[in-house]
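Engineer: Quick one: the structure is below, and I'll ask about it shortly.
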Amino acid sequence: MDNHQRQILRSLPAMDELLENSWIFTYVEKIGRETVKKILNELMSEIRQEVIEGDLNEISMSYIRKRAENLLQVRHKKSLKKVVNATGVVVHTNLGRSCLATEAVESVKEVASGYSTLEYNLDEGKRGQRNEHIEWLLCQVTGAEAALVVNNNAGAVILCLAALARDREVVVSRGELVEIGGSFRVPEIMAFSGAKLVEVGSTNRTHLRDYVGAVTDNTAMFLKVHPSNFKIEGFSSVVPREDLAGYAHNNGLVFMEDLGSGILVDVNLLGLAGEPTVSECIRSGVDVVTFSGDKMLGGPQIGAIVGKKAIIDKLRTFPLLRALRVDKMTLGAFETTLRLYLKGQWVKIPTLSMLSLTMEQMKKHASSLARRLRKVIPGAEIGVIHVEDAVGGGAFPATVLPGYGVAVRNHPCGSSGRIQSCLRSGDIPVITGAGDDSVVIHVRTLIGGDDQLIVNAFSSLICKGDE
Ligand SMILES: *Cc1c(COP(=O)(O)O)cnc(C)c1O
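Laid out in structure tokens, this is it:
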């Protein structure tokens, strides 16, 4: 360390001195003096280190302030907050998957802000079961004999495997040994549950004889897994559910399916094709089906397990169930969402209404948004374009949903990447798609009030200098 460095280190302000700056006060108010102190302490040691290593040769108070405010700002803003999803991906896992129906949100408010019948039987005036609020509803909408819910579908799969196949063999087709979103891999889930994975067939083709050939005295289950974001095209074949069910039932095995995105309405009504509803799986003879509540179902994060009563009853007493217990807010939202299906009012569920939008509706929406944007971004080229949307959440991976969007090109503030990043940094971030040299706002996934938020975001976008 040379003299100059020593001098810089000596000139750095002490903590008390730093805390007296008026620009610190708002942060002290928001996150507390101790937290501010801790953050500043860390920053000052970082700066000292940089001086020692020769990376910093000059330090002013305004420099320290800039770095301190960068850190403090991140911490004083709310972290989990609303964003505008202008990507056209309906079940966007990173953006929170499904938006709840208004009715479901009301139920969350009701049970969250007061006491409820969560585990209380009103007839008898004593303890009840939290699962009872939704069991009959799930049976009603899926045609299953019994049902149970846990925190999410990953939990549902683990619970089923641990309770039904621990220390025993589970036969799975190699075409279905998938990884879902990085953290859910069938072989790992299987190992964790204590079940022994027996792989059969090949990646693209598996036959009933492959499954049958793998059965031993220790086989507990045939497991079918939705391949999620992955689709095998061309020369491929999977065994029909009926065939697997037939063999399993004649040989005392359980036939389970992890359906991933649980669908409760005929997908043809949404203009989609090729994926079965939960009822169809049950009717084909699957003994136990698991699926997510917040994918195509359009409800809260939950894992539903539906199927034969004898099997569900085994799960009810399995100790792991307690660790996967569902929160009351989730149950409230889920019950109300299922009731919308019961009443045939699934169009009130945002996920489903977004999927069933017509081209005309989306074109009209895009044209209106484009008109509003032209008024607030004078310099740019703004046009309505065809876009490709997606279901998301692992469902219908190969299906492109045709939609409409607004393309913003030649924005005076810079490249489309730059504009996208500015839109993300606002109070209510707007997450957009991108085309060649343009920012693309997909209208399919916009919900009430989002148009105004997008207009606001563009109007308050300030062209900053190079950063
Ligand atoms: C999404 C998915 C899961 C995980 O479901 P979560 O509700 O996110 O836990 C498991 N299996 C399949 C096939 C999926 O698509």
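Those letters in the sequence shown? Residues 23 to 489, per the working numbering, in order. Just so you know, even glycine gets a beta-carbon here, dropped at the ideal spot from N, CA and C.
Mapping the DSSP letters down to three states, classify Phe356 as helix, strand or coil.
Structural biologist: Helix.
Engineer: Check the DSSP bridge columns for Ala412 and list the partner residues they point to.
Structural biologist: BP columns for Ala412 point to Val111.
Engineer: Assuming Val477 contacts Val398 (C-beta within less than 8 Å), just tell me the rounded distance between them.
Structural biologist: Yes, they are in contact, since the Cβ atoms of Val477 and Val398 sit about 6 Å apart, within 8 Å.
Engineer: Can you give me the C-alpha to C-alpha distance between Ala242 and Trp158, rounded to a whole angstrom?
Structural biologist: Approximately 28 Å, taken between the alpha carbons.
Engineer: CA-CA distance, Gly315 and Leu78?
Structural biologist: So the alpha carbons of these two residues sit roughly 52 Å apart.
Engineer: Between Val406 and Ala388, how many whole angstroms is the CB-CB distance? I'm expecting something under 8 Å.
Structural biologist: So it is a contact: roughly 5 Å between Cβ atoms.
Engineer: Any idea if Gly321 is buried or exposed, counting beta-carbon neighbours within 10 angstroms, 16 or more meaning buried?
Structural biologist: Label assigned to Gly321: buried.
Engineer: Is it true that the CB of Ser378 sits closer than 8 Å to the CB of Leu8?
Structural biologist: Residue 8 is absent from the structure shown; the chain starts at 23 and stops at 489.
Engineer: Give the secondary structure of Ser224 by DSSP, where H, G and I count as helix, E and B as strand, and everything else as coil.
Structural biologist: The answer is coil: DSSP assigns Ser224 none of H, G, I, E or B.
Engineer: I need the straight-line Cα distance from Val8 to Ser437, nearest angstrom please.
Structural biologist: Here the chain comprises residues numbered 23 to 489, so residue 8 is not present and cannot be evaluated.
Engineer: Determine the contact status of Ala108 and Gly455, defining contact as a CB-CB distance below 8 Å.
Structural biologist: Cβ distance < 8 Å, so Ala108 and Gly455 count as in contact.
Engineer: Cβ of Gly325 within 7 Å of any heavy atom in ligand 3?
Structural biologist: The model on display carries ligand 1 but not ligand 3.
Engineer: For Glu489, is the classification buried or exposed, using 16 other Cβ atoms within 10 angstroms of its Cβ as the cut-off for buried?
Structural biologist: Residue placement at Glu489 is poorly supported in this model, since its pLDDT is 43, which falls under 50; the coordinates still yield a value, given next. Counting Cβ neighbours within 10 Å, Glu489 comes out exposed, since fewer than 16 surround it.
Engineer: Ligand 1 and Gly533: does the residue's C-beta get closer than 7 Å to at least one heavy atom of that ligand?
Structural biologist: With the chain covering 23 to 489 only, the question about residue 533 has no answer from this structure.
Engineer: If contacts are defined as beta-carbon pairs under 8 Å, then Tyr49 and Leu94 qualify, I think. What distance do you get, rounded to the angstrom?
Structural biologist: At roughly 4 Å, the Cβ-Cβ gap stays under 8 Å, so Tyr49 and Leu94 are in contact.
Engineer: Assuming Val207 contacts Thr228 under a Cβ cut-off of 8 Å, what Cβ separation, rounded to an integer in Å, is found between them?
Structural biologist: First, the amino acid is wrong: residue 207 is Arg here, not Val. Not a contact, Cβ separation roughly 19 Å.
Engineer: Between the C-alpha atoms of Ala413 and Val111, what's the straight-line distance to the nearest angstrom?
Structural biologist: As written in the sequence, residue 413 is Val, which differs from the Ala given in the question. When rounded, the distance between both Cα atoms is 6 Å.
Engineer: Quick check: Val220 and Glu191, are their CB atoms within less than 8 Å of each other?
Structural biologist: Cβ atoms of Val220 and Glu191: closer than 8 Å.
Engineer: Could you spell out where the beta strand (DSSP E) holding Ala479 opens and where it closes?
Structural biologist: Segment 472 to 481 is the alpha helix (DSSP H) holding Ala479; no beta strand (DSSP E) there.
Engineer: For Asp309, collect the residues of the same chain with a Cβ closer than 7 Å to its Cβ; drop the 5 residues on either side in sequence, then sort them by chain order.
Structural biologist: Once the five neighbours on either side are set aside, the close Cβ partners of Asp309 are Val276, Phe277, Met278, Gly329, Lys330, Ile333.
Engineer: Counting only the same chain and skipping the five closest in sequence on each side, list residues whose C-beta sits under 6 Å from that of Asp472.
Structural biologist: Val106, listed in sequence order.
Engineer: Would you mind stating whether Thr358 and Ser129 have Cβ atoms separated by less than 8 Å?
Structural biologist: The answer is yes: Cβ separation under 8 Å.
Engineer: Whose C-alpha, out of Gly307, Ala134, Leu353, is nearest the C-alpha of Ile324?
Structural biologist: Checking every option, the nearest Cα to that of Ile324 belongs to Leu353.
Engineer: State the start and end residues of the unbroken alpha helix (DSSP H) segment that holds Pro372.
Structural biologist: Segment 372 to 377, the alpha helix (DSSP H) holding Pro372.
Engineer: Report the start-end ranges of each alpha helix (DSSP H) in the stretch 240 to 274 that is 4 residues or longer and not cut off at the edges.
Structural biologist: Fully enclosed alpha helix (DSSP H) runs of 4 or longer: 263 to 272.
Engineer: What residues match up with Leu170 in a beta bridge as DSSP calls it?
Structural biologist: In the DSSP output, where bridge partners are listed per residue, Leu170 has Ile327.
Engineer: I'd like to know whether the C-beta atoms of Ile180 and Ser215 end up nearer to each other than 8 Å.
Structural biologist: It is a contact, given that the beta carbons lie within the stated cut-off.
Engineer: Which runs of the alpha helix (DSSP H), 4 residues or longer, sit entirely within the stretch 277 to 302?
Structural biologist: Whole alpha helix (DSSP H) segments, 4+ residues: zero.
Engineer: Can you determine whether any heavy atom of ligand 1 sits closer than 7 Å to the C-beta of Gly416, and answer yes or no?
Structural biologist: Gly416: yes, Cβ under 7 Å from ligand 1.
Engineer: Would you report the Cα separation of Ile304 and Glu264, rounded to the nearest angstrom?
Structural biologist: Cα to Cα, Ile304 sits roughly 10 Å from Glu264.
Engineer: Just to confirm, are Val461 and Gln442 a CB contact at a threshold of 8 Å?
Structural biologist: Taking 8 Å as the Cβ cut-off, Val461 and Gln442 qualify as a contacting pair.
Engineer: For Gln27 and Val73, which I take to be in contact (beta-carbon distance under 8 Å), what is that distance rounded to the nearest angstrom?
Structural biologist: Confirmed, about 6 Å.
Engineer: Note down the Cα distance separating Glu297 from Glu56, rounded to an integer number of angstroms.
Structural biologist: If I take the Cα positions, the gap works out to 54 Å.
Engineer: Given this structure, state the Cα-to-Cα distance separating Gln151 from Glu141, to the nearest angstrom.
Structural biologist: Those two C-alpha atoms are separated by around 5 Å.
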